[in-house]
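For reference, the structure is listed below as structure tokens.
In our numbering, the protein residues as written are 15 to 1071.
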């Protein structure tokens, strides 16, 4: 939900709560999309049909604003309360009680759509506790349709003899049933039926309120009722029972207007008001005479003509300075011309300089190439030697690897050396131990030998014997151990020598280990030798070319030096010219600045003069100053004899009297507001817009026996619900659910349900209407149409089988007279068929995609031009009879141009305005109206040109989509577009695009509306004999040129007899 919780928010239940949710979601969407305000421009006052002032504004986008929507109009810093009267595709009409400025460049319309929905929410909340029996009949509950009840019986009814049976049945039901639905397809006399219902209700003393979405529909119903009543009640304007509330969109008799009702009820108050307004006018007339004198006196005091005179003198000095500078520039230019004649070689300097520069670049290039080749020849032998060394290194590497393979590994040799070393140590230890034992045994034997015999006897021989045995063992073992030790030393030396040799070999291998394959270096040798050979071959040619270019450069430098002296003179003269031109530009800037200052001062003088109604006619600063100076002198003489103090005193007195009169008028206004309430409460027949039904507090204070809701399919359900509160007994719903539904922006389920669907759907009548044999007794279809020629109505019949075959009444007296009147001004030929397809295929048009917000729209400049040209050709007879100086705009358009896309319509409106100007008319005469389909619902015209905008690359028309993409509303748009035409329907399209791409698209009854049975013609470019829609052009050639900015293509459509 877009709205925050509010503890003061009124609690609603059921669908009333859903109404509020839907409206709040729509308000939120409008505000977020930035469409709560619209930019207006080109505002001007137009003729009004009531007491208020009416203004028409141009607008690029108008949101859906029903008639009588209250808005704020912002012009600069001022705000005005205004009311919407009507809106079209590119314009809107508003009313205000306060005069707006005479000229309005831009304005902003604020709050209209959101304020209207906020007031609707307020109405729902205020009436939430009230019973709405009539409104409850409108909405289907649980899928069932409310069964109507007869609440009145009439024995005598005076119905029109010209009515059809369906019209009579609908009128009888509306008079007797508590709810009646009247389905009125285009042109079937809905307004006539409503008028007769109103008349019969009045005759039977029943009050009636007729409401509609637009002022136009309300005006039509009130107009019918007034004509019927006035025929039988002539000269009875007192207490007139018919009242139109709000602002009619077209002139209505004064007797039905609210102002006239109030005037009848308050004759004495109106006499007082008229007397006060007369005094007000007389005082205003006196003030209007005094104001110019006061304004002249102000001008005499505030004028800056002396300052302007001084500024103009300064400008004159500046002009003289500019002339002198220009003379100097001219003299220098003469010297330049003479120098060029005396020294024609100056002309070759720039060419020589350019040639020399190019030649030096070429020399530098060749010299660089020569230097690179010399360096290459010097460096390549060394590179070749390096590559060859690398090749030899590969051979050495292979040789060393072969030698390495003969050795045992380093680890094995090291391991063996360690083992031998350990054995050597062990053997050395053994020898040392044997030596000690030997020494010890020898000492034992020596000591024994040195003893005496007695001592030997006592000592015994065991020790000696053991020592001798030890010596024998040592003598036996020691030589062997020493031999073994010697062998181990030899083995260690051998292993050590091998290890050292292996390590040396590995070091040599590492030194020659290659990083790249030998094949690479062999290729590199071959490549480098080839490069060396090529360089040696090319170098002599480069040397010759280098020397040649060197000589050419020297020759060009010599020639340039010869031409340089004269060129230097001309360059200096050029510098002086540029210097003087800079001075000239600066002087002109100062002059223009002073001129602008004079212009601003003169604008202030003019604004002071305009206040006493004098507008200077001179053009240019000096003539305007002279005119104002003469005027100033005259006014000085005029004002010399006038007593300004007395004049000011008279103005103050008049102003004071005006204030007092204004107070009295306000008091009268308050009294008259009571009369307004009395008039509304007493009227038996009241017409108002749907918006007024819930905006008017006075209207909501009363009840009506019957409420008639016209154009019900265009109205939102919450608005219809609020209008139904005003019904006491019965309600009549009139509309066509096969035309456009209400417009809704919010894409939420609740908003789409209650704001985007019409009452025929919600009541369940639309579903019941599909079966004509089972329609409710209170549902009536008007199936005799009086607007369109029969073959135009055939399209609606083909497109919508639900229309049940609209019958066309082509030959009644009124229609025959209307047809003869049409052909009296129509510039084309009278044909048997009235639907024409204008084939634009041969133009080879291109449809441009135009960005519009977050989406894209379309524009076809070619078909737009054809549509506008056709429209003006059809109107040729009427336009030729008009005087461009006195011609006034028509109230109703004779030709409608309908298209699906806003940018396309904008271009058509531009072309229409341009063609009016080309024909000498000072404004758009409203013979032609262009708009999208939405803007023409409820309208009709003698001729409709339906421009489909179809061509490459956007051949796919949204109106003709396949069954998977079909949108029901698009079908309704097509229906509205074609059924606006009374006598002629022209459809502009590329027939081939329809046939190739769209002919098999979905239609409700399977029949394509653009059937080949309709007449169609081709547009040919630059053809000598050209007939379009059996229409003969004037003998003179008619050319309409259109330049398309995109693509810069100029297309000329040339139509000849």
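Beta carbons are placed, not taken as given, at the ideal position from N, Cα and C, and that holds for glycine.
Model, not experiment: these values are computed from the prediction.
- When only Cα atoms are considered, residue 941 and residue 890 end up about 11 Å apart.
- With the rule of 3 Cβ pairs closer than 8 Å, the segment 231-244 does not count as touching the segment 729-743.
- With a beta-carbon spacing of about 6 Å, residue 702 and residue 260 fall inside the 8 Å limit used to define contacts.
- Taking a contact to require three or more Cβ pairs closer than 8 Å, the segment 97-117 and the segment 289-302 do not qualify as touching.
- Around the beta carbon of residue 206, a 10 Å sphere encloses 16 or more other beta carbons of the protein chains shown; the residue is thus reported as buried.
- As computed with DSSP, residue 72 is found in a beta bridge with 55, 105.
- In the DSSP assignment, residue 916 falls within the unbroken alpha helix (DSSP H) covering 916-932.
- For residue 438, the closest of 498, 542, 85 by C-alpha to C-alpha distance is 498.
- Bridge partners of residue 795 according to DSSP: 197.
- For residue 856, the closest alpha carbon among the candidates 998, 843, 219, 966 is that of 966.
- The C-beta separation of residue 346 from residue 601 comes to about 16 Å, leaving the pair out of contact by the 8 Å criterion.
- Contact check for residue 830 against residue 907 fails: the beta carbons are separated by 8 Å or more.
- Residues 877, 881, 913, 1002 of the same chain have their beta carbon placed closer than 6 Å to that of residue 961, with the five preceding and five following residues left out of the count.
- DSSP places residue 997 within a strand segment (E or B) once states are collapsed to three.
- The three-state reading of DSSP puts residue 263 in coil, since its state is none of H, G, I, E or B.
- At least 8 Å separates the beta-carbon of residue 383 from that of residue 542.
- Here residue 700 is buried, its C-beta having at least 16 other C-beta atoms within 10 Å.
- For the segment 213-260, the continuous beta strand (DSSP E) assignments of 3+ residues that do not extend past its boundaries occur at 222-226, 256-258, in sequence order.
- Its Cα nearest to that of residue 575, the residue 366 stands out among 619, 366, 629.
- Rounded to the nearest whole angstrom, the CA to CA distance from residue 833 to residue 997 is 7 Å.
- Beyond the five residues adjoining it in sequence on each side, residue 527 comes within less than 7 Å, by CB distance, of 411 in the same chain, given in chain order.
- The criterion of a C-beta distance shorter than 8 Å is not satisfied by residue 243 and residue 792.
- Residue 865 sits exposed, since fewer than 16 C-beta atoms from the chains shown fall within 10 Å of its C-beta.
- Around the CB of residue 489, fewer than 16 other CB atoms lie within 10 Å, so the residue is classed as exposed.
- Between residue 142 and residue 283, the gap from beta carbon to beta carbon reaches 8 Å or more.
- Among the bridge pairs identified by DSSP, residue 870 is matched with 865.
- In this structure, residue 559 lies away from residue 405, with their beta-carbon atoms at least 8 Å apart.
- Bounds of the beta strand (DSSP E) holding residue 945 are 942-946.
- For residue 270, no alpha helix (DSSP H) run applies, since DSSP gives it neither H nor E.
- Rounded to the nearest whole angstrom, the C-alpha separation of residue 949 and residue 101 is 8 Å.
- Rounded to whole angstroms, the gap between the alpha carbons of residue 216 and residue 191 is 16 Å.
- Contact check for residue 51 against residue 725 fails: the beta carbons are separated by 8 Å or more.
- Rounded to the nearest whole angstrom, the C-alpha separation of residue 150 and residue 739 is 10 Å.
- Residue 963 carries a coil assignment under DSSP once its states are collapsed to helix, strand and coil.
- Per DSSP, residue 478 is one residue of the alpha helix (DSSP H) stretching across 476-526.
- Here the alpha carbons of residue 678 and residue 780 stand approximately 56 Å from one another.
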